[in-house]
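Taken in sequence, the protein lines are chains A and B.
All residue numbers for the first sequence refer to numbering that gives the first Met the number 0, where the first residue is 0 and numbers rise by one.
All residue numbers for the second sequence refer to numbering that gives the first Met the number 0, where the first residue is 0 and numbers rise by one.
Below: the structure, in structure tokens.
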Amino acid sequence: MTEESIRLEVARYRPGQDEEPVLVPYEVPLRPDWAVLDGLAYVKDRLDGTLSFRWSCRMGICGSCGMTVNGEPRLTCGTFLTEYGTGPVRVEPLKGFPVIRDLVVDIEDFLAKLSSVRPWLVREGEEPPLTTEYAQTPAQLDAYKQYSMCVNCMLCYSACPVYVLDPDFLGPAAIALAQRYNLDSRDMDDRFDVLGHEDAVWGCTFVGECTNACPKHVDPAEAIQRYKLTAALRSVLPWSRR
Amino acid sequence: MRRRAEAYLWLLFSGGGVVAALLLPVLVLLFGVLMPVGVLDWPSAARLTALLDPVAVRAAVVAAVALCLFHAAHRIRHTAEELFGLARFDPVIAVVCYGAALGGSVIAAGVLW
Numbered sequence: 000m001t002e003e004s005i006r007l008e009v010a011r012y013r014p015g016q017d018e019e020p021v022l023v024p025y026e027v028p029l030r031p032d033w034a035v036l037d038g039l040a041y042v043k044d045r046l047d048g049t050l051s052f053r054w055s056c057r058m059g060i061c062g063s064c065g066m067t068v069n070g071e072p073r074l075t076c077g078t079f080l081t082e083y084g085t086g087p088v089r090v091e092p093l094k095g096f097p098v099i100r101d102l103v104v105d106i107e108d109f110l111a112k113l114s115s116v117r118p119w120l121v122r123e124g125e126e127p128p129l130t131t132e133y134a135q136t137p138a139q140l141d142a143y144k145q146y147s148m149c150v151n152c153m154l155c156y157s158a159c160p161v162y163v164l165d166p167d168f169l170g171p172a173a174i175a176l177a178q179r180y181n182l183d184s185r186d187m188d189d190r191f192d193v194l195g196h197e198d199a200v201w202g203c204t205f206v207g208e209c210t211n212a213c214p215k216h217v218d219p220a221e222a223i224q225r226y227k228l229t230a231a232l233r234s235v236l237p238w239s240r241r
Numbered sequence: 000m001r002r003r004a005e006a007y008l009w010l011l012f013s014g015g016g017v018v019a020a021l022l023l024p025v026l027v028l029l030f031g032v033l034m035p036v037g038v039l040d041w042p043s044a045a046r047l048t049a050l051l052d053p054v055a056v057r058a059a060v061v062a063a064v065a066l067c068l069f070h071a072a073h074r075i076r077h078t079a080e081e082l083f084g085l086a087r088f089d090p091v092i093a094v095v096c097y098g099a100a101l102g103g104s105v106i107a108a109g110v111l112w
């Protein structure tokens, strides 16, 4: 019995060999429990060991395997080959990022933006080590829990038309993660110096594609709109603090 | 400076969105559906004029019109700049869009007073 197969069209870019990315077709087995990432692993193991792509956990937690699948930003570990019928399935690197090789993109810009929003609990007037416990009510946890589900996969950046047009835009995940800490009752910062900026929340035009793309059901668009209100009130009433 | 202007403009945009979402469906329902099909009678011109007599009502109508116009101006500005790649002309586009909204608001006030 011959096994069913599906065609993957994988964008290859080998510096020094390809002038620009080219689509290379590979036939991989079509199995009901195989995700696009399994197809790519099959290509690397059996067909062409030079294919490069990022992956780690295979279970939607690490955020490493984001790619553009048939034009949409997806986590390839959670996108099943059977979703695409008889294929072909086009696999390209995440849009909006410089390509290093094949499906691997340069994430330095995102990492710099992420650390710029101080994505940690900021406490003032306390010296480490912090031994005190800060208990939270369920309501205080709910205020930020949704945003803490972000896995930094950058699908929202790839989906965001503003980021593609203006790479200086701080972007959905960084702002949502800033809000994750802003809305935490233990945090004492409001990150206005980074967020209340033209390239930060004011760059967003509320297209909402970030929220559609998010595999963890974070709502970055909502986080940004909420911070716009905070920032607008901070700007208009300079004495108002959270 | 730019960020403060953007904050004010966004507040006008945001306020306009709220006003438009609350008022426009009601107006469409009243003047576009219920009155044409005869469920409600058309109000007389005298009645509408009387309704606009208190200064507070006129001010509220001007505020509602102005907010809706600034909402539209903000959206047209950003849509035009991003859809057609005109971001470098932002100073001109912004002046035209918000200028039109301001002009429309002044006309609304002029009509009512």
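Beta carbons are placed, not taken as given, at the ideal position from N, Cα and C, and that holds for glycine.
Let me confirm a value: residue i is counted as buried when at least 16 other C-beta atoms fall within 10 Å, else exposed. Which label applies?
i      : result
H73/B  : buried
N211/A : exposed
C96/B  : buried
I106/B : exposed
M0/B   : Bear in mind that the predicted position of M0/B carries a pLDDT of just 48, short of 50, making it too unreliable to give a figure here.
P219/A : buried
I223/A : buried
R241/A : In this predicted model, R241/A has a pLDDT of only 45, less than 50, meaning its place in the structure is not dependable; the value taken from the coordinates is given anyway. Per the 10 Å Cβ criterion, exposed.
L26/B  : exposed
Y7/B   : exposed
Can you pull the DSSP bridge partners for residue i?
i      : result
I5/A   : V27/A
V95/B  : Answer is none; V95/B lacks a bridge partner.
R11/A  : V21/A
V103/A : R100/A
Measure the Cβ-Cβ separation of residue i and residue j and say whether it is below 7 angstroms.
i      : j      : result
L36/A  : T75/A  : yes
T81/A  : P31/A  : yes
V217/A : C149/A : yes
A138/A : F79/A  : no
Y226/A : L182/A : no
L176/A : P214/A : no
R53/A  : V103/A : yes
L7/A   : V90/A  : yes
E81/B  : W201/A : no
G95/A  : V9/A   : no
H77/B  : T204/A : yes
Y143/A : R100/A : no
For the beta strand (DSSP E) that contains residue i, what are its first and last residues?
i      : result
E91/A  : V88 to E91
R100/A : V98 to R100
Residue i lies in the alpha helix (DSSP H); which residues open and close that run?
i      : result
T78/A  : Unbroken run through T78/A: none, as it is neither H nor E.
Y156/A : L154 to A158
Y143/A : P137 to K144
T78/B  : V54 to L82
Discussion item. Report the start-end ranges of each alpha helix (DSSP H) in the segment 14–72 of chain A that is 4 residues or longer and not cut off at the edges.
Written reply: 35–41
Worksheet item: What residue ranges within the segment 214–239 of chain A form continuous alpha helix (DSSP H) runs of no fewer than 4 residues, ordered along the chain?
Response: 219–235
Worksheet entry | 4 or more residues per run - each alpha helix (DSSP H) lying fully within the segment 180–218 of chain A | 191–194 and 208–212
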